[in-house]
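2 protein chains.
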Amino acid sequence: MKRDLDIRVVIVEDDETIREGYAFLIGNTAGYKIAGTYASCEDALKKIEHDDPDVILLDVELPGISGIDALPKFKKLLPDTHILILTVYEQELLIFRALGSGAAGYLTKNTPPEKIVAAIHEVMEGGGPMSAHIARMVISSFKRNDSTPLTRRETEILEQIATGKSRKRIADELFIDLETVKSHIKNIYHKLDVHSKADAIKAAKDNKFI
Amino acid sequence: MKRDLDIRVVIVEDDETIREGYAFLIGNTAGYKIAGTYASCEDALKKIEHDDPDVILLDVELPGISGIDALPKFKKLLPDTHILILTVYEQELLIFRALGSGAAGYLTKNTPPEKIVAAIHEVMEGGGPMSAHIARMVISSFKRNDSTPLTRRETEILEQIATGKSRKRIADELFIDLETVKSHIKNIYHKLDVHSKADAIKAAKDNKFI
DNA sequence: GCACAAATCACCCGCCTGGGGGTAATAGGC
DNA sequence: GCCTATTACCCCCAGGCGGGTGATTTGTGC
Chain V
237 MKRDLDIRVV IVEDDETIRE GYAFLIGNTA GYKIAGTYAS CEDALKKIEH DDPDVILLDV
297 ELPGISGIDA LPKFKKLLPD THILILTVYE QELLIFRALG SGAAGYLTKN TPPEKIVAAI
357 HEVMEGGGPM SAHIARMVIS SFKRNDSTPL TRRETEILEQ IATGKSRKRI ADELFIDLET
417 VKSHIKNIYH KLDVHSKADA IKAAKDNKFI
Chain Z
237 MKRDLDIRVV IVEDDETIRE GYAFLIGNTA GYKIAGTYAS CEDALKKIEH DDPDVILLDV
297 ELPGISGIDA LPKFKKLLPD THILILTVYE QELLIFRALG SGAAGYLTKN TPPEKIVAAI
357 HEVMEGGGPM SAHIARMVIS SFKRNDSTPL TRRETEILEQ IATGKSRKRI ADELFIDLET
417 VKSHIKNIYH KLDVHSKADA IKAAKDNKFI
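Just so you know, the sequences run in chain order V and Z.
Every letter in the first sequence is one number past the one before it in this note's numbering, and letter 198, counting from 1, is 434.
Every letter in the second sequence is one number past the one before it in this note's numbering, and letter 13, counting from 1, is 249.
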């Protein structure tokens, strides 16, 4: 069990002005303590274990190893430390890669300082702080297309196909005949203008039909 | 183009105390206007078009049609209106269904009133407000398991299989022999202790290996 | 009540895929 | 220098998959 004193924060950020700015701000907030600051992931990975941080503020665009590539390494070194991504980039690919690698939050650099402190607090309380625009993108990634050409049953069957099940198995699980499943699949292929499982799945996912 | 005056808010919530409480709060905040309040989705669906709302606060546990089932209907009636889910439930299934149906945000009922107003503002600015715990669950849904038994290549091939591609096609796209792909698949099956595509995909997804 | 869409089942065909049994050479990382 | 990841090859055979055509029933909308 750790001391329940200050929240220990480490900053990994190459721009000295920004780094020292954040450090000053956080270090002077009651309840927070700067446990270390680094200009590169290489430096940080060598010494961060001694800092014993609760939260890491991690930049993604860094010279040498990028923050996004270093994320799994930090996670391996400090499995219980929360990592907050801090970046100017709002690219979907980057965001989902970061979250997939175990980031606990994703903030853009235009986030006002007091919100950053609030985000650190939030992440310690089990939250997942995100900048507004990021949150919207994350939510959008779940949204289905409601103007699908597929019927309910066709959508259901295509979802089953996307799990890798055979037509026979789908038929059994839906309590319908194999021939019925084949009919549905033929209709799906016609509607999506494809000629294979893989293409149907891709077309449907691209269009958020499934 | 709409008037850029007050933000028009509709509340759909069966508990009168809560409903009127929110209505009073929001109605008395500068820049916001209550365009309508309803105790059920049935009522709301009939009249909501005349309210011309910018944002709907929607409860999920309602008598009759649930908020979650009504969500697509509201979306159809008012495609440009933002819908904020307001509920006590924090079940993953419910959350992802709501977001999949087009909810722009998801708040729990313990959210302090001023945060609800802030969330309405945020959603109008293109954000995706979520309660802390919800946001964490959403983020967690992206997180991969880093202690996978699968090698990099095996993971890559299983990902391809999960897209419905045939072994031959995977071999071609990865510039390796069909027999090599078969070998990898055999190894994957052994490691995951399964005997089919579908089971491998399920096991891998359940464990977040892919 | 009628029309149209959705869902169901049927039988045809040819070809390739999928799952499982082995074995083994070469590269790359610690 | 060793281990494992990656690559590749041999065998077998059941059954799946994609495509064509047609027919029946259920149900929702106007």
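Idealized CB from N, CA, C, for every residue including glycine.
Please read all numbers here as calculations on a predicted model, not as lab measurements.
Taking residue 378 (chain V) as the query, report the chain Z residues whose CB atoms sit under 7 Å from its CB, ordered along the chain. Under the 7 Å cutoff, chain Z gives 332, 335 and 336.
Determine the contact status of residue 324 (chain V) and residue 345 (chain V), defining contact as a CB-CB distance below 7 Å. With a cutoff of 7 Å on beta-carbon distance, residue 324 (chain V) and residue 345 (chain V) are scored as near each other.
At a Cβ threshold of 7 Å, is residue 439 (chain V) touching chain Z? No, its Cβ sits nowhere closer than 7 Å to a Cβ of chain Z.
Assigned exposure category for residue 260 (chain Z) - 16 Cβ within 10 Å defines buried: Looking at its Cβ environment, which holds fewer than 16 other Cβ atoms inside 10 Å, residue 260 (chain Z) is exposed.
Euclidean distance between Cα positions of residue 304 (chain Z) and residue 241 (chain V): When rounded, the separation of the alpha-carbon atoms in residue 304 (chain Z) and residue 241 (chain V) is 43 Å.
Keeping to the same chain, check which residues put their C-beta closer than 6 Å to that of residue 300 (chain Z); ignore five residues upstream and five downstream. The answer, listed in chain order, is 276 and 278.
Taking its Cβ as the centre, do 16 or more other Cβ atoms sit within 10 Å of residue 411 (chain Z), making it buried, or is it exposed? Exposed: under 16 other Cβ atoms inside 10 Å.
With 16 other CB atoms within 10 Å as the buried threshold, where does residue 383 (chain V) fall? Exposed: under 16 other Cβ atoms inside 10 Å.
Applying a beta-carbon distance threshold of less than 7 Å, which residues of chain V neighbour residue 369 (chain Z)? Here the neighbours are 362 and 363.
Quick one: does residue 434 (chain V) have its CB under 7 Å from some CB of chain Z? Yes, because at least one Cβ of chain Z sits closer than 7 Å to the Cβ of residue 434 (chain V).
Nearest by alpha-carbon distance to residue 393 (chain Z): which of Z:416, Z:296 and Z:246 is it? It is Z:416.
What residue range is occupied by the uninterrupted beta strand (DSSP E) comprising residue 379 (chain V)? Segment: none, residue 379 (chain V) is in no beta strand (DSSP E) and carries neither H nor E.
For residue 370 (chain Z) and residue 331 (chain Z), believed in contact at Cβ under 8 Å, the rounded distance: That belief holds up - the Cβ atoms of residue 331 (chain Z) and residue 370 (chain Z) are roughly 6 Å apart, short of 8 Å.
Which of helix, strand or coil does DSSP assign to residue 237 (chain Z)? Only weak support is given to the placement of residue 237 (chain Z): the predicted model assigns it a pLDDT of 48, under 50, and the value that follows is read from those uncertain coordinates. Here residue 237 (chain Z) sits in coil by DSSP.
Applying the 10 Å Cβ sphere with the 16-neighbour rule, what's the burial state of residue 317 (chain V)? Looking at its Cβ environment, which holds 16 or more other Cβ atoms inside 10 Å, residue 317 (chain V) is buried.
Excluding the 5 residues flanking residue 422 (chain V) on each side, which residues of the same chain have their C-beta closer than 8 Å to its C-beta? The same chain holds no residue with a CB closer than 8 Å to that of residue 422 (chain V) once the five nearest residues on each side in sequence are set aside.
Any C-beta of chain Z sitting closer than 7 Å to the C-beta of residue 401 (chain V)? For residue 401 (chain V), the answer is yes, since a Cβ of chain Z falls inside 7 Å of its Cβ.
So, for residue 360 (chain V): in the same chain, excluding its five sequence neighbours on each side, which residues have a beta-carbon less than 8 Å away from its beta-carbon? Contacts found: 243, 290, 291 and 318.
Under the three-state DSSP convention, the category residue 281 (chain Z) falls into: Under the three-state reduction of DSSP output, residue 281 (chain Z) falls in the helix class.
Which of the residues in the stretch 383-416 of chain Z, read from start to end, lie with their CB under 8 Å from any CB of chain V? Of all residues in the stretch 383-416 of chain Z, only 397, 398, 399, 400, 401, 402 and 405 come within less than 8 Å of chain V when Cβ atoms are compared, listed by chain position.
Assigned secondary structure, residue 296 (chain Z) (DSSP; H/G/I helix, E/B strand, else coil): Residue 296 (chain Z) falls in the coil class under three-state DSSP.
List the endpoints of the continuous alpha helix (DSSP H) containing residue 322 (chain V). Residue 322 (chain V): not part of any alpha helix (DSSP H); member of the beta strand (DSSP E) spanning 318-323, first to last residue.
Thinking residue 378 (chain V) and residue 336 (chain Z) are a contact (beta carbons under 8 Å), I'd like their distance in whole angstroms, please. Indeed, because the Cβ distance is near 5 Å, the residues count as touching under 8 Å.
From the DSSP output, in three-state form, read off residue 309 (chain V) for me. Assignment of residue 309 (chain V) by DSSP, reduced to helix, strand and coil, places it in the helix class.
Am I right that residue 287 (chain Z) and residue 250 (chain Z) are in contact with their C-beta atoms under 8 Å? What's the rounded C-beta distance? The C-beta separation of residue 287 (chain Z) from residue 250 (chain Z) comes to about 18 Å, leaving the pair out of contact by the 8 Å criterion.
Is there a C-beta anywhere in chain V that falls below 7 Å from the one on residue 375 (chain Z)? Contacts with chain V at 7 Å (Cβ-Cβ) include residue 375 (chain Z).
Hey, does residue 358 (chain Z) have any beta-carbon neighbour from chain V nearer than 7 Å? Interface residue, yes.
Span separating the alpha-carbon of residue 430 (chain Z) from that of residue 440 (chain Z): Near 10 Å, if we compare the C-alpha coordinates of residue 440 (chain Z) and residue 430 (chain Z).
Show which residues of chain V have a CB atom less than 8 Å away from the CB atom of residue 308 (chain Z). For residue 308 (chain Z), the residues of chain V that pass the 8 Å Cβ criterion are 382, in the order they occur in the chain.
With DSSP collapsed to three states, give me the class of residue 343 (chain Z). When secondary structure is reduced to three states using DSSP, residue 343 (chain Z) falls in the strand class.
To the nearest whole angstrom, what separates the beta carbons of residue 267 (chain V) and residue 284 (chain V), a pair I think is in contact under 8 Å? Contact flag wrong, Cβ pair sits at about 21 Å.
For residue 504 (chain V): DSSP bridge partner residues: Here chain V has residues from 237 to 446 only, and residue 504 (chain V) is not among them.
Can you list the residues of chain Z that residue 340 (chain V) reaches, using a CB-CB cut of under 8 Å? Near residue 340 (chain V) (Cβ distances below 8 Å), the residues of chain Z are 372 and 375.
Per DSSP, the bridge partner or partners of residue 245 (chain Z): For residue 245 (chain Z), which the question treats as bridged, DSSP gives the partners Z:270 and Z:291.
Which stretch, first to last residue, makes up the alpha helix (DSSP H) that contains residue 263 (chain V)? Unbroken alpha helix (DSSP H) run through residue 263 (chain V): 252-263.
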